[in-house]
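Encoded as C-alpha cells, the structure appears first; notes follow it.
Residue numbers (the UniProt record's numbering): 1 to 1162.
What follows is the structure in C-alpha cells.
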C-alpha cells in the first residue's frame, strides 16, 4: 500500500492478514510505503516440525456467552500467530454452536458498573488515546483502498508466553513502523507510539485468569472479571472483547480460540472425560490486545464407557458361533471387562454369556439352523455402558430336502414370473429353464435367496420348462418336478384402412378391409366395424368376415368408418378412418309457421323453424302461402332465404291459414302443417254526438249511439264532462258498457260540456264532438263555519258565504239551542248573546235565496267560558326604605290562576305591571324612602280570561337606617398632634386611640357614632363616646385586661328622631402589663399616674418623670409603645409588619448595648 499524502511521512499501524507481516519504508521521493510480506517461505523451511500435533482432542462445540452465535471466530490478530504455517486458532463451525442464555445462570457475574469517575489527567490521556486510534483506523482505511506491493522482509520480533505467541511492544499488530527523515536516515516512530499505547496494553494484560466451575464429564463453566482500571487509563468495560483460549496438552500445548465476545462467562461443551485442559483469557480493545492471562488447569471427571458397536460373526457351524467386537471409548477409566448376552434362540429375555477382557468369544452346544440374538456392554470403574444394538446370527443346518416345483405368479408376452416357498433362512435356490425349440437343454436362470424371479426377454406364445433346487452350506437338494409354462401372445396389429365396395346409396353402403399384417402369434377371433356421424364412433358390425353393410344412414351425411380386431392377447389398435358421404334427398316439411307477437289488424310477422332434416343438402330458400280474408283466397306471401316474413293487407279480426316449405338443390319438400292466426282488432270508430236531457238542477241524462267495433267487442265507454270547453278541463263522469249515463251531483245554474269515446281490446277511439247543457238555478249550498270568539255570555260566529247557485242569498238562519236567529242581510258574522256561562251550545247556519233555503252547515259545538275571577285584596305585610312586600290570598293555587300586580307611576300617573305570576306574594324593589305608592291587582285564568281590577290601595316606604361599617381599629396619631404628645408623655399604657369608617348613605341627614366598650368576659356594653367624629381615645384602661369595642352609626332625622343602624364587628384589644422598671419609676415618683379625661376631642393629661430616672423612662416608653403595636398587629399590612420587625431588631440591639454598658459601669 502506498500513501500519497503530501504531509511528512507518519508511521501508521495497519492490521495485516494472518501469516503476513508489514514494513513501512520511505523512498527517495518522500513517499511512505507499507509493504506486506508473506512468511510462508520461511515457515516451510524452519517451521515444519511445529505443525504436527496442533489439534488432538479439541472439539469445536462451544457456545457464545450472550446466547447468540459469535460473529467472529476467525484467526487471532496479526500480532498473535502460532509457530506453524498458519494460525493455530481455527474458526469454530457455526452449526455446532448451542445457544445458552447466561442471564438465567446464577454463576454469571453481573456487568461491571460503568458509572466510574475519571480525573482530569486520566480523562485527557484517555481522549488522546481514542483520538489516535481513530486516526489509525482512518489511515488504515485509506491504505486498504490503495494497491499492495508484496516483498520479502525479515520476520517481526516475537515472544512466547505459555505456548502462545504475542507481539512485542515494538511490533504491535504484526507490523513495524519505520520512517526516514529528509536526508535519508532511518528514524523510528515506534517508541513514541509505544509510550502512548503501553499503558493501555498493560491494563489489558492485567486481566486475571478465568475461574472454572461446574466441571462435568463433557462440559465446564468459565467465568472471569474485567481488568481493573489503572490511574493512567480508565476503560469502559462495554468496549472490551474477551477471547478464551483452550488447550488439551497442558500449559505448554497449543491453544485454540473457542470464544470471543463481550460476555464475562461461557460454557464449554463436548469435552473428553478424564482429560486435563488449560484455559487462558485474552482481552481486546478495538485494534489493541493484551497478553494472555496465566492458564487455569482443570480436569474433567471420567464416566462410564460409550455404547459399543454390535458384535460381528467370524465363523459358524451347526453347533457353534464365533463373534468378535471392537474396543469402545473408555471415557477416562480403563475398561474392566465386556458383558456378552444372548437370547438362547428363544427370542425372549437375554442371558449373560460371558465377562471377558478380550474382544471375541465362541459359543458352543447350539442348535442347528437356529437364530440367536446378541448384545454387548462395556464396564469400567464408573459403571456399565448402554447395551449395543441387537444383532442376530444363525447356525448352520443339514442339506435341504427336495423343494416344491415353482409356480407361475404372472405371465406376459415376453416374461414369466415364478415364485416358490421358503423353508429355511439359510437356503439358496437355483432356478433352471429349458427351451425345447432351441435344443440347448436346461440353463441356469437364477441363484440366490429370493423366492421370486422373473424371466424376461422370452419369445411370445412359446412353451418353457422350469425346475428348482435348494442349497445351503452343507449341500444341495434334489431337483424339483419339472413344470411347463407358456408366454402370452401379443395384441394383433391394426387392420388395413376400410374401403367402400360398390355404389353409395342415400341410406346404406358396403365396406371392406384387409386383415392385419401382424396377428400377435395367434388367430384373429373377431373384427369390429365402427361408424362416426359426429357424436363419436358407434359399433355397427361384430364378426369374423372382412366386409359388412352400413345401413339406416341419413342421406347427405358424412361418416367416418374404422375397423379393429381382437385376438387372444386383446384388441388391436383401430385402423385409419375412411370418410364416406351418402347421397342427399329433398328436405322434409318444416314446422307450421307461427306468430311470435300478437298479429296486428293490418299486418303480422310470420316465423318458422328450419326443417329437422335438410335431406343432406343445404336449404336454399323457403316458400310461404296464406289463405283467408273476404273473399277467401290463397296467395303467395314470401319466397326467400330468411325464416320470417311480413304478411300485409289483413282485415282486422279475420282468420288466416299459412303454410311453408323448404327447397334445396334436389327440389322442394312437402308443405308444412297449416298455421292459423287471427288478425288483430282495430280501435272502434268515433261515437256520434251525445244527447243530453235535464232531470233537475243537479241531475242530467246523457245517451249516445254505438260506433263500429272494428273486429273486437267494445269493452267500455268513457263519458267526460267539463265546465269549460278546454282539453285539460274534462273529467271522467261515467265508465261502463252502457250507451247511457246518469250524471248527478252537478252544480246548479252551471253550463256543462260532455264528450264520449269507446274502448275495445285494440285501443280507444277518438272523442265525439262536445255537447253543452245548462242546469237550472237552485237553493244555495251550506255555509262553512271558519272561526268563532267565545266569552262567558256571548259567542261570535264567522263563516264563509256559500255558492248561491244562480240566485243571490237574501239572509241566513242561525239555530242555537232552542231558538232560531235570522240575520238582516247576507252578512257572514253574527254575535249570539244572552248565553249561560259554562254551557254547551250547538250552532248551525242555513243560507236562503229566492229558490229556497239551502242545507244547514255542520254543527258547531261550543262551551261558554266561566265568569272571570274576582280580584283579591292587596295587603302589605312588610315595607322597607326601598321596597314593599305585597300579599294577597291564602292557600294553594290549584287552578294556576295568574295574578297581575300594577303600580302607578307618580310622574305619568299611569299603572305599570310590576309582577305577573301564580304566587300569592311579591316584592317590589328599587323604591324611594318615605314615599307613597298606589297598587292594584287582577286575576286571570286560561278558561275565563282576565277579570276586573281591584280597588287601588296605597302603601308608604320607611326611612333608611345608616349603613353598617367595618370593625374599628387602633391607630397611631401623627407626630406633633395633641394625641401624640399625650401618648408620648403617658407611660402607663392605659389608653388607646380608636378610629372607624364613615357610614356611606344616600340621605343627607347627619350621622353620629356611638362607641361602646366592655371587658371581653362581660356582655354588658357601656357607651363611652357619641358624636360625629370617627376617632376617639379610650383612657383609664387596666393593664393586662382584654377589652371589646364596637361602633354603631345613628341617623339624626329632620323631625328630631334618631334612627340607629347596626353595630360593627367587635374589636378585641388586650392592654399590656407594666414592666418592672416602669413600676419602680412610678414608685420613685410617688405613685403618680397619668390622669386621663374623656371628651369629644379625645385629649388627655401627662406627668413628668424625675431627671435621675430619665433613661429608665425612655426604655419604659419604648417597651410600652412596642407592646401597644404588638397588641394591634392583626390590623397591619405585610409592609407595616416588616417595618415593625426591623424596629424590634433595632430596639433589641439598643437595649442589649445599654445593658452591656450598665455592666461595664458596675
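All residues carry an ideal CB built from backbone N, CA and C; glycine is no exception.
By the DSSP assignment, the beta strand (DSSP E) with residue i in it spans what residues?
i           : result
residue 444 : 442-448
residue 564 : 558-566
residue 360 : 360-363
residue 223 : 220-223
residue 485 : 483-486
residue 789 : 784-790
residue 691 : 691-696
residue 512 : 509-512
residue 943 : First-last for residue 943: undefined, no H or E at that position.
residue 380 : 371-380
Determine the burial state of residue i: buried for a count of at least 16 other Cβ atoms within 10 Å of its Cβ, exposed for fewer.
i            : result
residue 834  : exposed
residue 1157 : exposed
residue 58   : In this prediction, residue 58 scores a pLDDT of 38, lower than 50, which makes its location untrustworthy; no coordinate-derived value is stated.
residue 317  : exposed
residue 604  : buried
residue 108  : At residue 108, the pLDDT of 37 sits below 50, so the modelled position is not reliable; the number obtained from the coordinates is stated separately. Residue 108 should be labelled buried.
residue 990  : buried
residue 580  : buried
residue 659  : buried
residue 249  : buried
residue 909  : exposed
residue 375  : buried
residue 1006 : exposed
residue 146  : Reliability of the predicted coordinates at residue 146 is poor, the pLDDT of 49 falling under 50, and the value obtained from them is presented with this limitation in mind. Per the 10 Å Cβ criterion, exposed.
residue 1146 : exposed
residue 117  : Low per-residue confidence applies at residue 117: pLDDT is 45, beneath 50, and the placement is therefore not dependable enough to give any value.
Candidates the options: which alpha carbon is nearest residue i's?
i           : options             : result
residue 440 : 425, 313, 449, 464  : 464
residue 606 : 648, 433, 671       : 648
residue 799 : 625, 954, 461, 781  : 781
residue 496 : 483, 366, 511       : 511
residue 912 : 923, 898, 936, 677  : 936
residue 536 : 196, 315, 856, 562  : 562
residue 697 : 688, 733, 689, 749  : 749
residue 639 : 755, 614, 899, 608  : 608
residue 642 : 654, 629, 622       : 622
residue 887 : 1058, 386, 393, 875 : 875
residue 198 : 233, 207, 219       : 233
residue 570 : 577, 652, 524       : 524
residue 221 : 246, 202, 507, 241  : 246
From the DSSP secondary-structure annotation, give me the bridge partner or partners of residue i.
i            : result
residue 879  : 884
residue 459  : The partner list for residue 459 (beta bridge, DSSP) is empty, contrary to what the question assumes.
residue 668  : 663
residue 1211 : With the chain covering 1 to 1162 only, the question about residue 1211 has no answer from this structure.
residue 532  : 537, 560
residue 399  : Answer is none; residue 399 lacks a bridge partner.
residue 469  : 430
residue 935  : 903, 953
residue 1000 : Bridge partners of residue 1000: none, in fact.
Would you say residue i and residue j are within 9 Å of each other, going by their C-beta atoms?
i            : j            : result
residue 635  : residue 645  : no
residue 587  : residue 662  : yes
residue 941  : residue 869  : yes
residue 331  : residue 305  : yes
residue 567  : residue 489  : yes
residue 323  : residue 293  : no
residue 1011 : residue 1026 : yes
residue 739  : residue 703  : yes
residue 582  : residue 616  : yes
residue 1052 : residue 1034 : no
Is the beta carbon of residue i within less than 8 Å of some heavy atom of the ligand MN?
i            : result
residue 1030 : As far as ligands go, the structure on display features none, and thus does not contain the ligand MN.
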